[in-house]
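> Number 76 in full-length UniProt numbering belongs to position 76 of the sequence shown; there are no gaps in the numbering.
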Amino acid sequence: MIIREFREQDAPILWALFYNTIRNINLRDYTEQQVNAWAPDEFDAQLWLKKMNTIQPFVAELDGVIVGYSDVQPSGLVDHFFCHHEYQGQGIGRALMTHVIKQAEAKGLDRIYLPLVLSMSTWALLL
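(1) Give the list of continuous beta strand (DSSP E) stretches no shorter than 3 residues that lie fully inside the UniProt domain "N-acetyltransferase" (1 to 127).
(2) Between the beta-carbon of residue 22 and the beta-carbon of residue 78, is there less than 8 Å?
(3) Compare the C-alpha of residue 5 against each of 89, 20, 54, 109 and name the closest.
(4) So residue 100 and residue 72 are in contact, right, with Cβ under 8 Å, and what is the actual spacing, rounded?
(5) For residue 163 and residue 84, which I take to be in contact (beta-carbon distance under 8 Å), what is that distance rounded to the nearest angstrom?
(6) Please confirm whether residue 59 and residue 87 have their CB atoms less than 8 Å apart.
(7) Count the other CB atoms within 10 Å of the CB of residue 122; is the residue buried (16 or more) or exposed (fewer)?
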């Protein structure tokens, strides 16, 4: 697996990963109304590209397939942390979080934080 910087052509793939992970994984812990608000069926490509250009995520690839992405903001906020719904439990999240921590340290951040999501694994909560 490689973890690399975001490229603009990744944006639609990251939207699909975001959408499908929420619809297949997070749906277990949230109401349909919450999921619809979080990941609506309508896809605004320009708005999503703007979001991705703003957060500048790191992209995880496995055998040429994008399997996850995450970011770390100057405040230490991890705004997005998503692993492809078909690749969960394979160490992708661990690799992404390790990368996020290293990037945060390189930027001189003394903490990182992320919103609690009910669907997070126990491992993620122990970080």
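Quick reminder that beta carbons are idealized off the backbone N, C-alpha and C, glycines included.
Inspection of the coordinates gives the following:
(1) 2 to 5, 58 to 62, 65 to 70, 81 to 83
(2) In the sequence shown, the residue the question calls residue 22 occupies position 22. In the sequence shown, the residue the question calls residue 78 occupies position 78. No. Outside cutoff.
(3) The residue labelled residue 5 in the question sits at position 5 within the sequence shown. Minimum Cα distance to residue 5 is reached at 54.
(4) Position 100 of the sequence shown, counting from 1, holds the residue named residue 100. Position 72 of the sequence shown, counting from 1, holds the residue named residue 72. That pair is a contact at about 5 Å.
(5) An answer regarding residue 163 cannot be provided, because it is not within the stretch 1 to 127 covered by the chain.
(6) By one-based count along the sequence shown, residue 59 stands at place 59. By one-based count along the sequence shown, residue 87 stands at place 87. It is not a contact, given that the beta carbons lie outside the stated cut-off.
(7) What you label residue 122 is simply residue 122 of the sequence shown in a count that begins at 1. Confidence at residue 122 is low in this model, with a pLDDT of 40, below 50, so its placement is unreliable and no value can be given for it.
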